[in-house]
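Shown next, in structure tokens, is the structure this report addresses.
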Amino acid sequence: MKYRHLGKAGIQVSELSFGSWVTFHTQSGIEDAVTMMAAAYDAGVNFFDNAEAYAAGKSEEIMGAAIKRLGWRRGSYLVSTKLFWGLHNSPNERNTLNRKYLIEATNASLQRLDLEYVDILFCHRADPNTPIEETVWAMHNIIESGKALYWGTSEWEAAEVIAAIEIAERHHLHKPVAEQPVYNLFERHRFAPAYQRVYEDYGYGSTTWSPLASGLLTGKYQSGIPEGSRGSLESLSWLQKHLTNKDRLAQVARLEPIAKQMGATLAQFSLAWCLQNEQVSTVLTGASRVEQVHENMKAMEFVDKFTPDVLEEIEKIFGKK
Ligand code: NDP
Numbered sequence: 201m202k203y204r205h206l207g208k209a210g211i212q213v214s215e216l217s218f219g220s221w222v223t224f225h226t227q228s229g230i231e232d233a234v235t236m237m238a239a240a241y242d243a244g245v246n247f248f249d250n251a252e253a254y255a256a257g258k259s260e261e262i263m264g265a266a267i268k269r270l271g272w273r274r275g276s277y278l279v280s281t282k283l284f285w286g287l288h289n290s291p292n293e294r295n296t297l298n299r300k301y302l303i304e305a306t307n308a309s310l311q312r313l314d315l316e317y318v319d320i321l322f323c324h325r326a327d328p329n330t331p332i333e334e335t336v337w338a339m340h341n342i343i344e345s346g347k348a349l350y351w352g353t354s355e356w357e358a359a360e361v362i363a364a365i366e367i368a369e370r371h372h373l374h375k376p377v378a379e380q381p382v383y384n385l386f387e388r389h390r391f392a393p394a395y396q397r398v399y400e401d402y403g404y405g406s407t408t409w410s411p412l413a414s415g416l417l418t419g420k421y422q423s424g425i426p427e428g429s430r431g432s433l434e435s436l437s438w439l440q441k442h443l444t445n446k447d448r449l450a451q452v453a454r455l456e457p458i459a460k461q462m463g464a465t466l467a468q469f470s471l472a473w474c475l476q477n478e479q480v481s482t483v484l485t486g487a488s489r490v491e492q493v494h495e496n497m498k499a500m501e502f503v504d505k506f507t508p509d510v511l512e513e514i515e516k517i518f519g520k521k
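Heads up: the sequence shown begins at 201 in our numbering, then just goes up one per residue.
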């Protein structure tokens, strides 16, 4: 495993990391979580991502219990969680980044994770109804209280990130250090030119998500939705139209010989491709079974194999840089 700095921050994150969206509680209980997290950690993963919203808090409980069971030294791993959607139906606790919610939700997440602090606390979405200044102050205060060490944003517009950084600079507050954007062969808009200032001038890091487009980029959806896959989950039926999109399936079919020539599976190829982008600090992987973790961790072997010719072949399929 190799490690990259999280943007300009002092901490380093493994190039491949591990997240629990969809999987923990919905597809995997504590035993599977322990097995998969151990496999990732043994492969060198030092960063584990979660969110309050994942399985309505149950995902944090499972990850916390797994960490306890694994008995890892606290300095050897990083945990993040994310806040925004909320778990309770009251006016101040849904789809918000207001100060009261952020403070209380942080405490509740820590309780579920059974940790004294998270390493990175993300604002899971931007909140147009709370002044960014209020959110920046609240995140600063959470860091000052020792309950989080760094903070970041997820799926924020470039202008919103820059506004947050500039407010923090103006008041000498802890600045956000990283964005958590979607990024895979199909979805590259969060690294569009509008973000270049964020990554280059401000040295923002990135912890990218859905590198396999929820499994589509493994090739497993080429002849329909496999039983037991994410695409078969009732609760995620909205995903099915993406996973069975004919144009996308045709693009995946064209990738297959390129991956094969490299000696990689499609999953390994697609994960390794994400790491070509130097603005990516870490690629958050997901898995429902430990065999997937083993396969995905081997993606590291292919990162150096993307020659200009290979990259050009890929661009011919996706028709964009
Ligand atoms: P992926 O796009 O990589 O999808 C992971 C899923 O693909 C697995 O759960 C599994 O699903 C399938 N899969 C993975 N590896 C293989 C393999 N080798 N062979 C076959 N199938 C495979 O990532 P996620 O969408 O899970 O995102 C990763 C992490 O990013 C999340 O856990 C979360 O931490 C973060 N995230 C953040 C978001 C945000 O808004 N900030 C949003 C979404 C994710 P199955 O076996 O069930 O088919």
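Quick reminder that beta carbons are idealized off the backbone N, C-alpha and C, glycines included.
Among all the DSSP beta bridges, which residues are the ones paired with His205?
Gln212
So which of Ser470, Ser345, Arg454 has the shortest CA-CA distance to Leu412?
Ser470
Let me check understanding here. Comparing Cα to Cα, which of Arg448, Lys505, Ser488 lies closest to Ala459?
Of the candidates Arg448, Lys505, Ser488, the residue whose Cα lies closest to the Cα of Ala459 is Lys505.
Could you tell me if Thr407 is buried or exposed, where buried requires 16 or more neighbouring beta carbons within 10 angstroms of its beta carbon?
buried
Quick check on this structure: which residue in Trp351, Ala240, Asn250, Glu515 has the alpha carbon closest to the alpha carbon of His208?
In the sequence under discussion, the amino acid at residue 208 is Lys, which differs from the His named in the question. For Lys208, the nearest C-alpha among the options comes from Trp351.
Using CA coordinates, which residue listed in Glu252, Leu283, Ser410, Thr485 is at the minimum distance from Asn246?
Thr485
Does the count of Cβ pairs from the region 310-329 and the region 352-361 closer than 8 Å reach three?
yes
What is the rounded straight-line gap between the Cα of Ala472 and the Cα of Gln212?
18 Å
By DSSP, does Asp249 sit in helix, in strand, or in coil?
strand
Would a C-beta distance cut-off of 8 Å place Leu466 and Thr418 closer than the cut-off?
Against a cut-off of 8 Å, the Cβ pair of Thr418 and Leu466 comes out as a contact.
Whose CA, out of Asn496, Met462, Asp232, lies closest to the CA of Val510?
Met462
Check whether the Cβ of Gln476 lies closer than 8 Å to any Cβ atom in chain C.
Absent from the structure is chain C; it holds one protein chain and no more.
Mapping DSSP to helix, strand and coil, what is Glu379?
strand
What did DSSP end up calling Trp272 once you bin it into helix, strand or coil?
coil
Mark Leu270 as exposed unless 16 or more other C-beta atoms lie within 10 angstroms of its C-beta, in which case mark it buried.
exposed
Mind pulling the alpha helix (DSSP H) runs of 4 or more residues that sit fully within the region 432-490?
Fully enclosed alpha helix (DSSP H) runs of 4 or longer: 440-443, 446-462, 466-474.
If you follow the beta strand (DSSP E) that Val234 is part of, which residue opens it and which one closes it?
Val234 -> not in any beta strand (DSSP E); alpha helix (DSSP H) instead, spanning 230-242.
What's the call for Asp242, buried or exposed, on a 16-neighbour Cβ count within 10 Å?
It is exposed - the Cβ of Asp242 has fewer than 16 other Cβ atoms within 10 Å.
In the DSSP output, what is Lys282 paired with across the bridge?
Phe322
Measure the C-alpha to C-alpha separation of Gly244 and Arg204 and round it to an integer number of angstroms.
12 Å
Got a sec: does ligand 1 put a non-hydrogen atom nearer than 7 Å to the Cβ of Asn496?
yes
Can you give the Cα-Cα distance for Lys521 and Ile514, rounded to whole angstroms?
Bear in mind that a pLDDT of 48 at Lys521, under 50, signals an unreliable position, so the number given afterwards is only what the model happens to contain. In a straight line, the C-alpha of Lys521 is about 9 Å away from that of Ile514.
With a cut-off of 8 Å on the beta carbons, I'd call Lys282 and Glu252 a contact; round off their distance for me.
Between Lys282 and Glu252, the beta carbon gap of about 7 Å places them in contact (Cβ cut-off 8 Å).
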